[in-house]
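Below: one structure, written as structure tokens.
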Amino acid sequence: MKMRVKMGTVVPKVGTFVHLVEEPTDYRTAMALALHEELGETHRAIKMAMRWTGASERTVKYWFAGERGPSGDHLIALARHSDAVLFVVLALAGRHIVEDADG
């Protein structure tokens with residue numbers, strides 16, 4: 081079985097395809113969509129992203145709203161914990177990944 085990442089269509093999440101509702105148009109929007117996909121829409125999602133990154137609540141709320149995007153250490157921490165964020169970053173970089181689930 082092969083998994084494909086195609087920007088705006090699907091974000092692989094642990095062996096399955098997660099369809100995005102909207103097509104990301106820029107980095108901030110793509111990060112917001114990935115965070116919502118991975119963590120949901122609740123205040124608990126914001127708290128989880130805060131724990132993952134050490135960022136302030138206001139900062140994480142900006143990410144979820146798509147007003148700002150995570151940078152540097154925060155982006156790496158999010159990618160460490162979130163497959164959706166990792167695959168969106170790779171897709172935005174034009175590094176579409178094809179994985180072979182068999183090995």
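So the mapping is simple: my numbering equals the position in the sequence shown, first residue as 1, plus 80.
Ideal placement from N, C-alpha and C gives every residue a C-beta, glycine not left out.
Residue span of the alpha helix (DSSP H) that contains residue i, given as start and end
| i | result |
| --- | --- |
| G146 | Segment: none, G146 is in no alpha helix (DSSP H) and carries neither H nor E. |
| A125 | 123-133 |
| D153 | 152-161 |
| A112 | 107-119 |
Inter-residue CB distance, residue i and residue j (contact presumed, cutoff 8 Å)
| i | j | result |
| --- | --- | --- |
| W143 | L115 | 6 Å |
| I259 | V140 | Here the chain covers residues 81 to 183 and nothing more, so residue 259 does not appear. |
| R31 | G152 | Outside the displayed range of the chain (81 to 183) lies residue 31, so it cannot be described from this structure. |
Cβ shell of residue i (< 8 Å), same chain only, five flanking positions each side left out
| i | result |
| --- | --- |
| V101 | At V101, the pLDDT of 47 sits below 50, so the modelled position is not reliable and the matter cannot be decided from this model. |
| M128 | L119 |
| E147 | R108 |
Close Cβ partners of residue i (< 7 Å) along its chain, the five nearest in sequence each way excluded
| i | result |
| --- | --- |
| L166 | A159 |
| H154 | T133, A135 |
CA nearest to the CA of residue i, picked from the options
| i | options | result |
| --- | --- | --- |
| H161 | D106, E137, T122, M130 | M130 |
| E121 | G174, D106, A145 | A145 |
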